[in-house]
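Numbering (the numbering used here), first residue to last: 20 to 400.
Note that the Cβ used here is the ideal one computed from N, Cα and C, for glycine as well.
Beneath this line is the structure, given in structure tokens, with notes to follow.
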């Protein structure tokens, strides 16, 4: 192996910003960074500053970020005339439809170079962007493509994209107001599916996903979720942040749970429960059939508020999941603080919230831990 090849391997393992910085070390290092295959244009520090001080700062930072991406792409294109393989291409800044021309060029570059993982995270002040000015993904980018991984797509292209990407293994749909009904069927290679905060969604149906391993559902409003023929599903994450006076709404969540409980190994529940749901659990505590031979080993519950209904649910799991080894509970002082667990939202806890969560922890240790079998580890974070 040539010395330059060794240097290229070393630099390829560095974050993009650090890899580019090596060009000033010596003349020999000038173009070594161009062999990197991980093009992650990370801007987390900039995003944090924008969240704290939006407005003028955003207007200054956007052009700087775009120039940075364009500069890297221009150098890579001029230095490497032949098509190169890219493992990952990630864009992450507060960008909207106004910058479609630049975004189109970036995606075209990534597709031309056979990108394996494409991540487009166009935040709005650090959170999910409202859809009225979202960048619209163009079909022309995906005519010949067979990607293994994509992240953050828009609702109207989901089914079309799946038909064009038979090798797709991971799909995440977030913040789309266009997705209303979606049926995912006959996707032999899809392993991970995530849908979060699609505000107009009414129904999602997944059928004949033979290799689906994990499913994540975060819903702001209740909707129908149907699973059929998903024999390898072992990891289920259900997150709801709605309250309703309808038994049907909450029942939908647990209908989904009941349809696959016997095969799960990981169950993750994050529930926003208002006072009216106390009655629901108290009157219908037997609505979930006792699982038989259930392989779940760990249960994690986010949004735990110390309510009686959640205490009962945790104890139910500890008594009926025969393979259970660990229960993890995340205290939550208020409904709004649930967003701390969602990477799309950022919140800073004040002293009042910290004190309330301390009380919730004390409640959990006093009212739950003693009722959990000693063979099951109980953790309250």
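| Item | Value |
| --- | --- |
| Neighbour-count burial assignment, residue 132, 16 or more Cβ in a 10 Å radius | buried |
| Alpha carbon of residue 391 to alpha carbon of residue 217, nearest angstrom | 37 angstroms |
| Delimiting residues of the alpha helix (DSSP H) encompassing residue 338 | 327–339 |
| Buried or exposed (CB count within 10 angstroms, at least 16 for buried), residue 393 | exposed |
| Identified DSSP bridge partners for residue 111 | 140 |
| Three-state secondary structure (DSSP) of residue 222 | strand |
| Outcome for residue 171 when other beta-carbon atoms lying within 10 angstroms are tallied against a minimum of 16 | In this predicted model, residue 171 has a pLDDT of only 43, less than 50, meaning its place in the structure is not dependable enough to derive any value. |
| Closest residue to residue 332 among 35, 215, 154, 287 (Cα-Cα distance) | 287 |
| Segment limits, alpha helix (DSSP H) that includes residue 11 | Past the boundaries of the shown model lies residue 11; the chain is included only from 20 to 400, so the question cannot be answered. |
| Residue 86, buried or exposed, once every other Cβ within 10 Å from all chains shown has been counted against 16 | exposed |
| Classification of residue 264 by the beta-carbon crowding that lies within 10 angstroms, buried from 16 upward | Low confidence applies to residue 264: its pLDDT is 43, below 50, so where it sits in the model is not reliable enough to give any reading. |
| Outcome for residue 44 when other beta-carbon atoms lying within 10 angstroms are tallied against a minimum of 16 | exposed |
| Limits of the beta strand (DSSP E) - the one that residue 345 falls within | 345–350 |
| Inter-residue spacing [alpha-carbon to alpha-carbon] between residue 42 and residue 152 | 38 angstroms |
| Residue span of the alpha helix (DSSP H) that contains residue 182, given as start and end | 177–183 |
| Coarse secondary structure for residue 389, derived from DSSP in three states | helix |
| Given residue 48 as reference, the closest of 61, 246, 29, 56 once Cα atoms are compared | 29 |
| Sequence-distant residues of its chain with Cβ nearer than 7 angstroms to residue 200 (five each side left out) | 221, 222 |
| Span of the beta strand (DSSP E), counted from its first residue to its last, around residue 228 | Residue 228 -> no beta strand (DSSP E), and no H or E assigned at all. |
| For residue 199, three-class secondary structure by DSSP | coil |
| Sufficient close CB pairs (3 or more, under 8 angstroms) joining the stretch 223–235 to the stretch 177–187 | no |
| Beta-bridge pairing of residue 233 - partner residues as DSSP gives them | 211, 254 |
| Cβ shell of residue 253 (< 7 angstroms), same chain only, five flanking positions each side left out | 232, 282, 283, 284, 285 |
| Close Cβ partners of residue 64 (< 8 angstroms) along its chain, the five nearest in sequence each way excluded | none |
| For residue 396, the first and last residue of its enclosing alpha helix (DSSP H) | Not the alpha helix (DSSP H): residue 396 falls in the beta strand (DSSP E), residues 396–399. |
| Candidates 156, 350, 68, 374: closest to residue 383 by CA position | 350 |
| Nearest-angstrom Cα separation, counted from residue 335 out to residue 380 | 19 angstroms |
| Cβ neighbour criterion (16 or more within 10 Å) applied to residue 114 | buried |
| Element boundaries [beta strand (DSSP E), containing residue 36] | Where residue 36 is concerned, there is no enclosing beta strand (DSSP E), although the alpha helix (DSSP H) it sits in stretches over 35–40. |
| Between the CA atoms of residue 257 and residue 59 - distance to the nearest angstrom | 29 angstroms |
| Assigned secondary structure, residue 44 (DSSP; H/G/I helix, E/B strand, else coil) | coil |
| Close Cβ partners of residue 397 (< 6 angstroms) along its chain, the five nearest in sequence each way excluded | 346, 388, 391 |
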